[in-house]
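**Student:**
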DNA sequence: TTGGTTAGTGTACCAAATACACATTTTGTT
DNA sequence: AACAAAATGTGTATTTGGTACACTAACCAA
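Protein chains in written order, with our numbering: chain Z, 16 to 241; chain H, 16 to 241.
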């Protein structure tokens with residue numbers, strides 16, 4: 016951390032970081048990935064994964080790299096959320112943070128600790144610990160964005176495996192919306208959108224009737240923004 | 016421009032700028048405010064108003080200040096659009112640009128030139144000149160955002176004077192959506208939203224029936240984001 | 001074979017959006 | 001004074017989308 020201050024400019028430059036709000040559903044609860052900070056400031060406190068932008072690195076690449084370095088997680092689709100730049104948001108120096116949000120399947124990720132982060136863990140969105148910096152505000156904004164995108168995007172499928180049943184899909188919606196949905200209307204609505212199709216297979220688990228297995232018609236569209 | 020390079024850091028820092036896409040409707044056409052660059056790079060080329068963030072300045076304050084300095088325009092409501100950070104987007108150094116978009120009333124603004132900008136002028140969105148940097152991409156993103164916010168926000172009233180007729184309002188919608196709307200359905204729809212009310216006054220112009228004058232019920236809500 | 005558990009299905013009702021045409025009020029002209 | 005020109009203002013029927021609502025089907029275990 017004690018470099019030689021070789022990087023000089025005519026005018027003062029802020030630092031730029033990226034931070035990632037990664038959501039998943041665990042135990043029927045919307046949860047967020049946090050890391051425990053290994054360094055000052057806010058050492059020991061929980062925070063969003065993220066870190067400083069390298070000078071030749073794309074913003075999104077930075078977000079993915081920091082996520083990988085701090086939690087071991089890769090392969091999630093990131094979407095830019097907002098850029099926070101309050102002059103007092105970091106006690107060290109002026110920092111502009113470009114934030115991203117992402118969704119992941121619940122069982123595909125077991126976050127691990129690393130050098131920059133003492134540990135990484137999932138927290139239910141309604142049981143967040145005190146967060147470093149303005150990260151609570153960032154999480155809340157991400158949550159609002161997630162909810163508002165539910166109705167007109169296909170991001171929800173990022174929280175599901177490639178093959179799923181309608182009951183699983185409905186469960187995700189119910190958890191995110193925090194309300195119960197009617198099964199018949201839900202099925203009618205989701206099928207009318209023509210974004211999923213039957214695989215022809217059935218689940219073979221549990222002491223009950225097997226469920227049809229569905230998949231997304233065009234998986235590449237799952238990432239479409241806006 | 017030849018300062019003493021007194022601002023030094025352990026690690027390289029990108030520069031941060033803000034850019035503003037300001038829309039208005041002029042001569043029945045959606046138009047964008049551009050400035051002609053007075054300095055290198057892209058000297059003489061048209062670009063979005065914007066400039067470097069000062070070290071203790073809020074991002075939005077920076078955007079407003081640059082808009083004022085380069086075009087003389089004040090008092091518009093800015094909304095953050097997106098942050099662009101491609102490592103090659105500026106030939107001078109690594110620059111992160113936090114972009115904003117805004118709407119204004121057509122007749123309230125006569126942009127003027129200033130030191131940083133040779134001149135400022137409105138351009139119809141479909142007749143843009145070649146733009147500096149990645150500014151064309153920024154404009155297109157802003158346009159998409161504007162259109163998608165039309166249906167669920169009240170931003171459209173930022174393009175109108177405080178008092179207006181339903182015909183004026185419908186005309187703005189028709190220009191933005193680029194399609195003709197049914198007068199009866201438009202009125203029914205807009206009145207059902209309970210965001211505008213009659214003032215009780217009538218226009219007194221033209222050789223035709225006077226029109227009722229309306230206003231926004233709660234002007235402070237016109238700026239609401241989402 | 002019976003009970004438990006989850007999957008799967010249709011119709012009636014209500015609300016919102018759409019399609020569509022003519023009378024009203026003013027100004028200016030004859 | 002009557003009329004033409006121009007833009008304002010208004011209602012109904014239809015279609016579409018969303019909502020409310022209850023029972024049968026398939027499998028497993030006892």
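Each residue gets a CB set at the ideal place from its N, CA and C atoms; glycine is no exception. Predicted model only: the values in this text are computed from it and were never measured.
When the Cα of residue 145 of chain H is compared with those of H:61, H:179, H:155 and H:23, which residue comes out closest?
**Tutor:** It is H:61 whose Cα lies nearest to the Cα of residue 145 of chain H.
**Student:** Measure the alpha-carbon distance for residue 51 of chain Z versus residue 63 of chain Z and round it to whole angstroms.
**Tutor:** Cα-Cα distance, rounded: 9 Å.
**Student:** If you reduce the DSSP assignment to three classes, tell me which class residue 72 of chain Z lands in.
**Tutor:** Coil at residue 72 of chain Z, not helix or strand.
**Student:** Based on the DSSP output, what are the partners of residue 188 of chain Z in its beta bridges?
**Tutor:** Beta-bridge pairing links residue 188 of chain Z to no other residue.
**Student:** When you check each C-beta in the stretch 139-155 of chain H against every C-beta of chain Z, which residues fall closer than 7 Å?
**Tutor:** Within the stretch 139-155 of chain H, no residue qualifies.
**Student:** Skipping 5 residues on each side, what residues in its chain have a beta carbon closer than 8 Å to that of residue 162 of chain Z?
**Tutor:** Contacts found: 191 and 192.
**Student:** So which residues of chain Z does residue 111 of chain H contact, with C-beta pairs closer than 8 Å?
**Tutor:** Chain Z residues near residue 111 of chain H: 31, 68, 74, 111 and 113.
**Student:** Threshold first: 4 residues or longer. Then list the alpha helix (DSSP H) segments lying entirely within the stretch 72-118 of chain Z, N to C.
**Tutor:** Fully enclosed alpha helix (DSSP H) runs of 4 or longer: 74-86.
**Student:** Which residues bound the beta strand (DSSP E) around residue 22 of chain Z?
**Tutor:** Taken as a continuous stretch (DSSP letters only), the beta strand (DSSP E) holding residue 22 of chain Z covers 22-24.
**Student:** Kindly list, in the order they appear in chain H, the residues whose Cβ is closer than 8 Å to that of residue 234 of chain Z.
**Tutor:** In chain order: nothing, as chain H lies at least about 24 Å away.
**Student:** Quick one: what does DSSP say residue 232 of chain Z is sitting in, helix, strand or coil?
**Tutor:** Residue 232 of chain Z falls in the coil class under three-state DSSP.
**Student:** Shortest alpha-carbon distance to residue 151 of chain H belongs to which of H:99, H:173, H:199 and H:169?
**Tutor:** Cα-wise, what sits closest to residue 151 of chain H is H:99.
**Student:** Going along the stretch 28-61 of chain H in order, which residues come within less than 8 Å of chain Z, judged by CB to CB distance?
**Tutor:** Listed by position, the residues of the stretch 28-61 of chain H near chain Z (Cβ gap below 8 Å) are 28, 29, 30 and 31.
**Student:** Kindly list the residues whose CB is nearer than 6 Å to the CB of residue 121 of chain H, restricted to its own chain and excluding five residues on each side of it in sequence; keep chain order.
**Tutor:** Correct list, in chain order: 39, 40 and 41.
**Student:** Does residue 28 of chain Z pass the burial test, meaning 16 or more other C-beta atoms within 10 Å, or should it be called exposed?
**Tutor:** It counts as buried.
**Student:** Taking the straight line between their C-alpha atoms, what separation do you get for residue 199 of chain Z and residue 158 of chain Z?
**Tutor:** If I take the Cα positions, the gap works out to 27 Å.
**Student:** Give me the residue from H:112, H:76, H:73 and H:187 with the minimum Cα distance to residue 119 of chain H.
**Tutor:** Of the candidates H:112, H:76, H:73 and H:187, the one whose C-alpha sits nearest the C-alpha of residue 119 of chain H is H:187.
**Student:** My output table needs one value for residue 241 of chain H: the three-state DSSP class, helix, strand or coil.
**Tutor:** Residue placement at residue 241 of chain H cannot be trusted, given a pLDDT of 36 that sits under 50; the coordinates are not used to answer.
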